Amino acid sequence: FLELAYIAITATFVGALLIATLIDFSSSNDNAPHDDWVMAFSVRQNWNRLLADPRTPSLHHELLYIDGLRVLVNHLVIVLHSSMAASVVPAANWAEMEHLTDSYPGLTYFSTNAFLVQIFFTVGGYLLCVNFLRDSHTRPIDARYVASKLLNRLLRLLPVYAYFVLFSSSLNVRFDTNVNGFRLFTAENGICRQNWWSNLLFLNNLAWPKDLCLMHTWYLATDLQLFVLALAVLLVVHRWPKSGGIVFTVAALVSLWMPAYITHTERLHPVLPAKLSEAKLLTMHEPWIRKIYMPSYANTGSYLAGLIAGYLHDRVTNHKLQLSAFPLYRAIERAITPLLIAIVLSSGMWYRIEVPKPSLWVSLYSTLYRNVIGVFMGMWFLRSINAPKGWFRRILSLKLFTTLGKLTYSTYVLHDVVMRFMLSAELMGSLISPGKFVRSIYQANITAFVGGLFVFLLIEQPMIQLLKPTIDRLCYGSNEKKQN
9 FLELAYIAIT ATFVGALLIA TLIDFSSSND NAPHDDWVMA FSVRQNWNRL LADPRTPSLH
69 HELLYIDGLR VLVNHLVIVL HSSMAASVVP AANWAEMEHL TDSYPGLTYF STNAFLVQIF
129 FTVGGYLLCV NFLRDSHTRP IDARYVASKL LNRLLRLLPV YAYFVLFSSS LNVRFDTNVN
189 GFRLFTAENG ICRQNWWSNL LFLNNLAWPK DLCLMHTWYL ATDLQLFVLA LAVLLVVHRW
249 PKSGGIVFTV AALVSLWMPA YITHTERLHP VLPAKLSEAK LLTMHEPWIR KIYMPSYANT
309 GSYLAGLIAG YLHDRVTNHK LQLSAFPLYR AIERAITPLL IAIVLSSGMW YRIEVPKPSL
369 WVSLYSTLYR NVIGVFMGMW FLRSINAPKG WFRRILSLKL FTTLGKLTYS TYVLHDVVMR
429 FMLSAELMGS LISPGKFVRS IYQANITAFV GGLFVFLLIE QPMIQLLKPT IDRLCYGSNE
489 KKQN
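The number in my numbering is simply the position in the sequence shown, starting from 1, with 8 added.
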């Protein structure tokens, strides 16, 4: 039944896309209005949306470089996951992989890759706060506004996500027909048939279930939970503006305390572990991953750093706040870059030395390790306010990167399936060389972004364009729809 359902849904999407595109192209007037479903599914319309530039001047235009930052971090995430995939290939030169991951640079690389998702969390908190405060100047912040934010968030996430959960619960097992004995889809199929509900309820970042379907999508659950929590914080600050300092201070103290507490009570290493023994199961049973890396309550620091940066962005741009006048800001600005460098360079040492656990020093290091990149990114956002764009932000703001930035969500969800197809083509006893590894990384990246483009045109944008007007009508009524 699940296979038939997946085929039927895919056929419906493809059929709607082809018919809508044909109707759109056959129109004698390019500007003639069509039915909503035609405008939603037409390839031409969605291609135009993909290439559309933001209005200038606008908040989106000011923060255009963040789209490029998403592309860069998404690329680095795929590089990391490709490295993990390479470590589970049935290769003949297994000892070379062990030597590489046991070297200090290898340990440092894997340990600091925990920063990647924290950058995403910081970006999420920053954009949420900036947009929330912008909206607060133009519309009432009430239950309808909150409902609209949540429903539109789910509309962005669920269609593509549910489509690939269904694929991983049904048809993917048919592709395990290789002769190398490496059953990448069969195991995933069994897990997804049992635990699909945790994905669609966005609970697959918690301690249960033990086995994870589409493991990399834990990030979506954590991000949504942090989004809801941050929205609640912003509602409190908006309702009682004078409480902002107290609310953010208490939240910061809790965020600093949480990693130290978990590390201490669970007797964990303070950094992301690099263990080949865990790679075969994609580290899903590693205690550090499940107890401190994935839960939303252990990632509040990065999201909060973005939230505070967004709050200060509003104060600087709309209330002429001078951040440099505050000693605390100046102290953090001077200290954060050297501290980040020190954490990066020292992260590998925790696999060279044995420290009895629990230990106060281990817990304190864990607090720094889990929060330093969020504070660094928050400071970078604040330094960028009203400052001329340097070469890095100019590159991130290029049309290529801002366009690819619209594909990052579909690409992120899709890239795990891409890598499984690539791994299934590997023969037993194949050799892993640096050249082959680099080629596989960029093959995975390019294939994932090309696939992300098809998913964007076939599922993501059609569903948003088709259902968003309904959400707007439910939450605001016809007047808001006309205003938008």
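Glycine included, C-beta positions come from ideal geometry on N, C-alpha and C.
Just so you know, these numbers come straight off a predicted model, no measurement behind them.
Own chain partners of residue i with C-beta closer than 8 Å, once the 5 adjacent residues on each side are dropped
{"i": "lysine 489", "result": "Low per-residue confidence applies at lysine 489: pLDDT is 45, beneath 50, and the placement is therefore not dependable, though the value from the model is reported in the following sentence. Closer than 8 Å at the Cβ level, and outside the excluded window around lysine 489, lie Pro477, Asp480 and Arg481."}
{"i": "valine 244", "result": "Ser251 and Val255"}
{"i": "isoleucine 361", "result": "none"}
{"i": "arginine 275", "result": "Lys365 and Pro366"}
{"i": "arginine 323", "result": "Leu329"}
{"i": "valine 352", "result": "Thr116 and Thr120"}
Beta carbon of residue i nearer than 8 Å to that of residue j
{"i": "leucine 422", "j": "valine 463", "result": "yes"}
{"i": "serine 432", "j": "leucine 192", "result": "yes"}
{"i": "proline 210", "j": "alanine 229", "result": "Correcting the residue identity first, residue 210 is phenylalanine in this sequence and not proline. Cβ atoms of phenylalanine 210 and alanine 229: closer than 8 Å."}
{"i": "alanine 452", "j": "serine 177", "result": "no"}
{"i": "glycine 253", "j": "isoleucine 316", "result": "no"}
{"i": "threonine 375", "j": "alanine 268", "result": "yes"}
{"i": "phenylalanine 128", "j": "leucine 242", "result": "no"}
{"i": "valine 125", "j": "isoleucine 449", "result": "no"}
{"i": "glycine 76", "j": "leucine 461", "result": "no"}
{"i": "leucine 412", "j": "valine 79", "result": "yes"}
{"i": "histidine 224", "j": "aspartate 424", "result": "yes"}
Range covered by the alpha helix (DSSP H) that runs through residue i
{"i": "tyrosine 301", "result": "Counting along the chain, tyrosine 301 falls outside any alpha helix (DSSP H), and DSSP gives it neither H nor E."}
{"i": "asparagine 56", "result": "51 to 59"}
{"i": "alanine 350", "result": "335 to 354"}
{"i": "tryptophan 204", "result": "192 to 208"}
{"i": "glycine 253", "result": "252 to 274"}
{"i": "alanine 317", "result": "308 to 327"}
{"i": "glycine 460", "result": "442 to 463"}
{"i": "serine 6", "result": "Nothing can be reported for residue 6, as the shown portion of the chain is limited to 9 through 492."}
{"i": "arginine 428", "result": "416 to 432"}
{"i": "leucine 9", "result": "Residue identity differs from the one stated: residue 9 is phenylalanine in this sequence, not leucine. First-last for phenylalanine 9: undefined, no H or E at that position."}
{"i": "aspartate 480", "result": "469 to 484"}
{"i": "asparagine 139", "result": "123 to 144"}
{"i": "asparagine 160", "result": "151 to 177"}
{"i": "histidine 224", "result": "Unbroken run through histidine 224: none, as it is neither H nor E."}
{"i": "tyrosine 112", "result": "112 to 120"}
Same chain, Cβ closer than 6 Å to residue i, five either side skipped, listed in chain order
{"i": "histidine 69", "result": "Pro62"}
{"i": "leucine 179", "result": "Glu11 and Tyr14"}
{"i": "proline 167", "result": "Ile467 and Met471"}
{"i": "serine 206", "result": "Asn212 and Pro217"}
{"i": "threonine 308", "result": "Ser263"}
{"i": "glutamine 53", "result": "Met47"}
{"i": "phenylalanine 384", "result": "Ile344 and Leu348"}
{"i": "tyrosine 373", "result": "Pro278"}
Residues near residue i by beta carbon distance below 7 Å, same chain, minus five either side
{"i": "threonine 455", "result": "Val426"}
{"i": "asparagine 492", "result": "Low per-residue confidence applies at asparagine 492: pLDDT is 46, beneath 50, and the placement is therefore not dependable enough to give any value."}
{"i": "glycine 356", "result": "Tyr112, Leu115, Thr116 and Ser119"}
{"i": "glycine 485", "result": "none"}
{"i": "histidine 272", "result": "Pro366 and Ser371"}
{"i": "arginine 152", "result": "Cys483 and Tyr484"}
{"i": "alanine 238", "result": "Gly133, Leu136, Tyr311 and Leu315"}
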